[in-house]
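Novice:
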């Protein structure tokens with residue numbers, strides 16, 4: 001006998017939690033499609049040579065390699081590896097299918113990715129990423145950078161996770177600002193930015209001390225300007241524009257960053273995103289050197305400890321390892337597994353009602369054919385229905401439905417048959433009503449629609 | 001520069017094909033949920049020790065093993081392996097979570113599985129399986145065996161793949177029949193059944209010759225009875241019952257198989273499955289020794305060469321490797337990747353329309369804010385809309401929408417602005433109409449509803 005168990009670092013859910021998680025993925029997908037993004041799925045494994053274009057490095061150490069039994073016996077380097085994000089597979093996909101795609105190419109991809117993380121609470125070795133990217137050929141206008149926050153707004157509004165803020169910044173603006181302070185070297189900027197990324201964790205004083213300390217040796221007034229700059233958070237649309245204006249003329253890089261961010265802000269307004277849901281935050285840099293322009297992070301106002309729930313930005317060239325074509329892009333990613341886990345930990349998400357909306361009970365085996373007919377009518381009307389196939393005590397059947405999170409129990413016993421009705425009990429309101437078999441589906445649809453209209457899940 | 005490519009044996013699709021495939025998966029999932037099955041997802045990898053309960057054998061040779069970089073360097077046996085079906089993970093899941101599940105446990109699972117197949121046309125190393133199973137604790141009534149074909153009927157009807165037949169048989173009936181002919185040994189029965197499974201490929205004469213030949217040495221009259229028996233295909237509900245009755249009294253095993261199959265047939269009728277969609281076929285055995293009672297195969301009437309598109313059956317004990325509890329079950333599986341590939345090969349499925357329903361064109365950059373507002377209204381009404389963010393020649397925009405499979409193009413230029421309308425062109429009908437901005441979403445919804453009502457995809 002073998003003990004049934006999974007490897008640590010995976011999220012496996014019981015059905016009612018899986019239903020809640022599935023609803024989250026459905027909301028994300030629906031909104032991605034609403035904005036006209038097209039679905040792509042790639043294989044879970046890529047050829048190692050294609051996936052690992054750079055040897056060594058942090059990424060490679062966390063990679064899972066894949067070998068068939070035969071290959072394992074032969075020895076040698078594994079030919080395949082599991083994807084560790086959706087960006088490298090996207091780059092490979094776009095380069096491979098370049099001549100069959102229309103640009104700007106707007107794709108969404110919702111799949112699991114794999115990282116050989118150490119087992120640790122809240123760290124996952126297998127997790128969903130939900131990405132959207134817009135890829136241009138040769139060039140991609142800044143207007144696309146405003147569309148992604150509009151999608152984020154739609155997703156998080158429908159997820160119903162409370163107030164949230166999409167934090168916006170621009171790497172050119174950051175770069176120009178540092179150049180203006182005499183920190184022109186790209187690598188030095190990156191090191192300063194890395195320190196600034198620690199603001200939330202280490203606090204302003206500690207970061208300032210590092211900047212003026214032996215590692216950076218910045219003058220006090222330079223450190224002051226940096227600290228003031230990175231603590232900017234706009235409080236309204238007008239304030240965001242004023243903060244940009246306050247940066248002054250500056251150098252060409254700063255001016256370009258300011259102009260881009262201003263256009264993104266104006267278009268966000270035109271997209272109808274409420275100003276309470278976005279802000280300029282000059283401290284956002286995103287760890288990766290990958291990003292070159294707009295950068296995004298999204299935080300839940302009442303749960304700052306969760307950190308960013310949706311991040312991304314603009315990059316210069318998606319697939320330089322695979323093609324000579326220049327493919328600039330802009331994208332965002334939601335780490336759905338981690339998000340779901342965090343929302344549950346924070347008590348924002350609770351176990352869902354069942355995806356089964358109606359249970360058709362059975363009091364007498366002789367009425368099974370009636371039960372099946374009743375269920376058939378419900379299903380034909382688009383209602384999810386389960387049938388009790390064995391007659392049991394009523395109390396047991398109600399207990400089952402209640403525990404399973406099924407809202408309606410439909411009964412058709414001798415009494416109901418005599419009077420030509422079915423009985424419906426709403427386990428949520430504890431109310432019950434009777435209706436003819438023909439009108440049953442319509443009556444339950446009305447109740448379900450009311451629930452949806454009231455935003456109850 | 002590295003050549004962008006995938007390993008052979010995976011199905012990677014361009015967006016419009018991915019949309020068609022996604023619709024297939026959505027239809028399957030929707031119908032599984034309609035019948036009250038609950039979602040389960042398991043990790044792509046299981047612990048090797050748990051996954052490979054039997055060492056050696058066909059299955060293990062096709063397994064993909066997984067190792068992180070660190071483990072690979074250390075050597076030793078891989079701790080993880082990719083699932084090769086959804087049945088073993090289900091067994092592990094049910095045994096692991098036994099005390100948190102309600103029985104009968106009704107789950108669906110739609111995920112990819114992995115087999116290290118030789119690269120070959122139409123053979124996949126990564127493919128979707130879409131499974132439903134009902135698992136009982138200690139016992140599971142025969143009535144559940146009739147529900148699965150009702151789900152198959154709902155799925156394949158909505159998939160719109162033409163006429164199909166769910167072929168039913170029962171392993172007890174088969175076993176009893178062979179016992180009646182003096183072929184009582186289980187292994188010998190299995191060998192005869194394996195020959196019978198080759199009927200479609202080798203033809204009746206060749207199979208009969210093998211049965212009377214040196215390997216089996218069956219008497220001519222026994223071979224005749226077997227050949228007559230396995231060629232039985234019922235042509236109606238009444239005919240199916242008559243075929244069962246014609247088997248006579250027989251032994252206890254035969255009688256039990258007949259009684260079970262009769263009950264399944266009667267309940268299928270009560271489920272409202274039309275009799276043209278099911279038939280008794282005494283040759284169906286299913287390769288696996290796994291099945292013990294009802295067995296199913298589903299074939300497309302006009303495309304018999306495709307073989308079974310949905311198979312399954314009743315088994316005695318799901319998880320004997322993991323738990324002492326007896327867990328009988330009944331299940332079916334649709335191999336969606338292979339099905340999609342075959343339907344395309346057979347010309348039954350064509351490229352889908354885009355998931356994008358409306359493209360909002362742009363003739364003048366000054367009207368971008370109007371475009372965004374128009375798109376916002378469409379999306380709020382549940383319509384998928386893409387906005388052209390850069391003004392281009394109209395002909396180019398129409399060409400793009402047409403190639404992308406987008407049905408409606410909405411235009412709002414100077415002329416429309418003056419008259420306070422938007423122009424809508426339906427690229428399918430080539431008709432166009434004008435409507436106010438406020439009424440646009442409602443007007444397009446009417447058109448889309450008509451399309452759905454007419455069953456056009």
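Chains as they are written, first to last, in full-length UniProt numbering: chain A, 1 to 457; chain B, 1 to 457.
Where is the CB? At the ideal position from N, CA and C, for every residue including glycine.
Please read all numbers here as calculations on a predicted model, not as lab measurements.
Going along the chain, which residues of the segment 27-49 of chain B sit with their C-beta nearer than 8 Å to a C-beta in chain A?
Specialist: Within the segment 27-49 of chain B, the qualifying residues are 33, 34, 35, 36, 38, 39, 40, 41, 42, 43, 44, 45, 46, 47 and 49.
Novice: Taking the CB atoms as reference points, tell me whether residue 361(B) and residue 318(B) lie closer together than 7 Å.
Specialist: Contact: no.
Novice: Spell out whether any CB of chain A is found under 7 Å from the CB atom of residue 314(B).
Specialist: Chain A contact via Cβ: absent.
Novice: Can you list, in chain order, the residues of its chain with a C-beta nearer than 7 Å to that of residue 20(A)? Leave out the 5 residues immediately preceding and following it.
Specialist: The residues are 349, 351 and 352.
Novice: Let me confirm a value: residue 393(A) is counted as buried when at least 16 other C-beta atoms fall within 10 Å, else exposed. Which label applies?
Specialist: Per the 10 Å Cβ criterion, exposed.
Novice: For residue 39(B), which of helix, strand or coil comes out of DSSP?
Specialist: Residue state, collapsed to three classes: strand.
Novice: Closer than 7 Å by C-beta to residue 431(B): which residues in its own chain qualify, once you throw out the five before and the five after it? Chain order, please.
Specialist: Cβ neighbours of residue 431(B) beyond the five flanking positions: none.
Novice: Would you mind working out which of 214(B), 359(B) and 147(B) sits nearest residue 372(A), comparing C-alpha positions?
Specialist: Of the candidates 214(B), 359(B) and 147(B), the one whose C-alpha sits nearest the C-alpha of residue 372(A) is 147(B).
Novice: By DSSP, does residue 1(A) sit in helix, in strand, or in coil?
Specialist: Residue state, collapsed to three classes: coil.
Novice: Quick one, are the C-beta atoms of residue 251(B) and residue 180(B) less than 7 Å apart?
Specialist: Yes, the pair counts as a contact, with Cβ atoms nearer than the cut-off.
Novice: In angstroms with no decimal places, state the Cα-to-Cα distance between residue 277(A) and residue 89(A).
Specialist: Near 31 Å, if we compare the C-alpha coordinates of residue 89(A) and residue 277(A).
Novice: Quickly, what does DSSP pair residue 130(B) with across the bridge? List them, please.
Specialist: Note: residue 130(B) sits in a beta bridge opposite 110(B) and 334(B).
Novice: Taking its Cβ as the centre, do 16 or more other Cβ atoms sit within 10 Å of residue 154(B), making it buried, or is it exposed?
Specialist: Under this definition residue 154(B) is a buried residue.
Novice: State the start and end residues of the unbroken beta strand (DSSP E) segment that holds residue 14(B).
Specialist: Element bounds for residue 14(B): n/a, residue is neither H nor E.
Novice: Is residue 233(B) helix, strand or coil by DSSP?
Specialist: The answer is strand: DSSP assigns residue 233(B) an E or B state.
Novice: Of the residues that make up the segment 122-144 of chain A, which ones have a beta carbon closer than 8 Å to any beta carbon in chain B?
Specialist: Listed by position, the residues of the segment 122-144 of chain A near chain B (Cβ gap below 8 Å) are 126, 141, 143 and 144.
Novice: Measure the Cβ-Cβ separation of residue 124(B) and residue 337(B) and say whether it is below 7 Å.
Specialist: In contact: residue 124(B) and residue 337(B) (Cβ atoms closer than 7 Å).
Novice: Identify each residue in the segment 394-416 of chain A for which the Cβ-Cβ distance to at least one residue of chain B is less than 9 Å, and report them in chain order.
Specialist: Per Cβ criterion, the list reads 400, 403, 404 and 406.
Novice: Using beta carbons (cut-off 7 Å, strictly below), is residue 103(B) in contact with chain A?
Specialist: With 7 Å as the cut-off, residue 103(B) does not count as an interface residue toward chain A.
Novice: Look at residue 322(B) and residue 83(B) and say whether their C-beta atoms are less than 7 Å apart.
Specialist: Against a cut-off of 7 Å, the Cβ pair of residue 83(B) and residue 322(B) comes out as no contact.
Novice: Residue 164(B): buried (16+ other C-beta within 10 angstroms of its C-beta) or exposed?
Specialist: Buried, by the Cβ-count rule.
Novice: Give a yes or no on whether the minimum CB-CB distance between residue 89(A) and chain B is below 7 Å.
Specialist: Answer no: the Cβ-Cβ gap between residue 89(A) and chain B never drops below 7 Å.
Novice: Tell me which residues share the same chain as residue 65(B) and place their Cβ nearer than 6 Å to its Cβ, disregarding the 5 neighbours each side in the sequence.
Specialist: The answer, listed in chain order, is 78 and 81.
Novice: Should residue 8(A) be listed as close to the ligand GTP, given that the test is whether its C-beta is under 6 Å from any heavy atom?
Specialist: The ligand content of the structure shown is nil, which means the ligand GTP is not present either.
Novice: Looking at C-alpha atoms only, which residue of 159(A), 259(A), 208(A) and 106(A) is the closest neighbour of residue 169(A)?
Specialist: Out of 159(A), 259(A), 208(A) and 106(A), 259(A) has the C-alpha closest to the C-alpha of residue 169(A).
Novice: Would you tell me roughly how many angstroms separate the C-alpha atoms of residue 8(A) and residue 96(B), rounded to the nearest one?
Specialist: If you take the alpha carbons of residue 8(A) and residue 96(B), they lie about 14 Å apart.
Novice: Alpha carbon to alpha carbon, how far is residue 85(B) from residue 26(B)?
Specialist: Roughly 20 Å between the two C-alpha positions.
Novice: Below 8 Å on the Cβ atoms is my guess for residue 18(B) versus residue 39(A); work out the distance and round it to an integer in Å.
Specialist: So it is a contact: roughly 5 Å between Cβ atoms.
Novice: Residues of chain A with a CB under 7 Å from the CB of residue 83(B): which are they?
Specialist: None at all; the shortest Cβ gap to chain A is about 11 Å.
Novice: For the segment 326-346 of chain A, which residues have a CB atom closer than 9 Å to at least one CB atom of chain B, in sequence order?
Specialist: The residues in question: there are none.
Novice: Given that residue 236(B) touches chain A, what residues does it touch there, using C-beta distances under 7 Å?
Specialist: The contacting residues do not exist; residue 236(B) stays about 19 Å from chain A at best.
Novice: What do you reckon, are the CB atoms on residue 286(B) and residue 280(B) nearer than 7 Å?
Specialist: Result no, Cβ atoms of residue 286(B) and residue 280(B) do not sit closer than 7 Å.
Novice: Would residue 273(B) pass as an interface residue toward chain A - the criterion being a Cβ-Cβ separation below 7 Å?
Specialist: No, its Cβ sits nowhere closer than 7 Å to a Cβ of chain A.
Novice: Taking beta-carbon pairs under 9 Å, can you tell me which members of the segment 64-75 of chain B lie near chain A?
Specialist: The residues in question are 64, 65, 66, 67, 68, 69, 70, 71 and 72.
Novice: Looking at residue 132(B): is its Cβ nearer than 7 Å to the Cβ of residue 94(B)?
Specialist: Cβ distance not < 7 Å, so residue 132(B) and residue 94(B) don't count as in contact.
Novice: Cα separation between residue 335(B) and residue 127(B)?
Specialist: Rounded to the nearest angstrom, the two C-alpha atoms are 7 Å apart.
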